[in-house]
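Residue numbers (the UniProt record's numbering): 1 to 248.
Here a beta-carbon is modelled for each residue, glycine too, at the ideal position from N, C-alpha and C.
Source: prediction; values computed, not measured.
The structure appears right after this line, and notes come after that.
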Amino acid sequence: MSQITDVRLPVVQLVRVSVDRRGAAGRGGALLEASVGFPERTLTAVVGPSGAGKSALLRCASGLERPHRGKVFKGSRELEAMDDQELTELRGLFVPRQPELDPALTTCENVAQASYAGGRRARRAAAMEALRHVGLDEEAGRYPDGLSAEQLKRVAIARTLPAGPRILFIDEPTDALDHAGARRIMDVLRTLVERAGRTVVMGTRDPAAAACADRAVFLLGGRVVGKIDHPTADEVAAELARQPPCQG
Numbered sequence: 001m002s003q004i005t006d007v008r009l010p011v012v013q014l015v016r017v018s019v020d021r022r023g024a025a026g027r028g029g030a031l032l033e034a035s036v037g038f039p040e041r042t043l044t045a046v047v048g049p050s051g052a053g054k055s056a057l058l059r060c061a062s063g064l065e066r067p068h069r070g071k072v073f074k075g076s077r078e079l080e081a082m083d084d085q086e087l088t089e090l091r092g093l094f095v096p097r098q099p100e101l102d103p104a105l106t107t108c109e110n111v112a113q114a115s116y117a118g119g120r121r122a123r124r125a126a127a128m129e130a131l132r133h134v135g136l137d138e139e140a141g142r143y144p145d146g147l148s149a150e151q152l153k154r155v156a157i158a159r160t161l162p163a164g165p166r167i168l169f170i171d172e173p174t175d176a177l178d179h180a181g182a183r184r185i186m187d188v189l190r191t192l193v194e195r196a197g198r199t200v201v202m203g204t205r206d207p208a209a210a211a212c213a214d215r216a217v218f219l220l221g222g223r224v225v226g227k228i229d230h231p232t233a234d235e236v237a238a239e240l241a242r243q244p245p246c247q248g
């Protein structure tokens, strides 16, 4: 496996992070001494089979979950030192596998609800700009029940854009989508990196999705076991095939 050659400073960095989820569920550690950084203006795929720790890593990186051991930094600041507003903004940049939107609000209203802009008019303007970034400005007046699964994911991505921090965490972006829908989602993520200067971190077990990334970080049993620059789908599939299934 090739070494990472990107020397840009990480926007978010995990240093020897461990998350223990044995507890009542009887499961093993979700993350074990995981250290990884996410350089600015890159798309990083965190790759591994189900149970490898991808979601736990994304949740720790976005401030949604506090590690039991280790440290998480945004730039030079440790997340532990952030105030409630800063953490709330960072947590709002996480898109789960199955995003939930308010069914009583239009697409535009759902995005505006997540905006930190001042007044109502400013929030709507920010929401429309975010929808343009994901190609859904013409669907601004539609309600969630009138959107496809792929469009719902694009709305969830748009909700992260008006926030201050220029990073996005997304869990399994192509899950349950057909090939065309998956391709559109990945095109949106690449556009955010290349044209909007965003940093995107996605968890995935889809080789085709990982091949759209600038770098792939492989997890197995909660440990970082390898990294590849500019991965191909074949390289990712081969690496996944070498990994035994995760337990628990």
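Contact between the segment 36 to 50 and the segment 193 to 202 is established, with three or more Cβ pairs separated by less than 8 Å. The straight-line gap separating the alpha-carbon atoms of leucine 31 and leucine 57 is approximately 7 Å. Of Ala149, Leu168, His68, Ser18, the smallest CA-CA separation from valine 11 is found for Leu168. Within the segment 58 to 97, complete beta strand (DSSP E) segments of at least 3 residues are found at 69 to 74, given in chain order. DSSP places glutamine 13 in the uninterrupted beta strand (DSSP E) bounded by 10 to 20.
Arginine 16 is a Cβ neighbour of glycine 70, given a cutoff of 8 Å. In this structure, arginine 195 sits away from glutamate 33, with a CB-CB distance that is not shorter than 8 Å. Restricted to the segment 153 to 227, the alpha helix (DSSP H) segments that are unbroken, complete and at least 4 residues in length are 179 to 194, 207 to 210, listed in chain order. Taking all protein chains shown into account, aspartate 206 has 16 or more neighbouring C-beta atoms within 10 Å of its C-beta and is therefore buried.
Valine 46 is positioned such that its CB atom lies closer than 8 Å to that of leucine 219. Pairing glutamate 129 with leucine 101, the inter-Cα distance amounts to about 18 Å. Across the structure, phenylalanine 94 and valine 188 are spaced so that their CA atoms are roughly 16 Å apart.
By the neighbour-count definition (other C-beta atoms within 10 Å, threshold 16), proline 67 is a buried residue. In this structure, the straight-line span from the alpha carbon of alanine 149 to that of arginine 120 is close to 28 Å. Counting only the Cα atoms, threonine 174 lies some 21 Å from glutamine 243.
The beta-bridge partner set that DSSP reports for proline 103 is empty. Under the DSSP definition of a beta bridge, valine 36 partners with Leu14.
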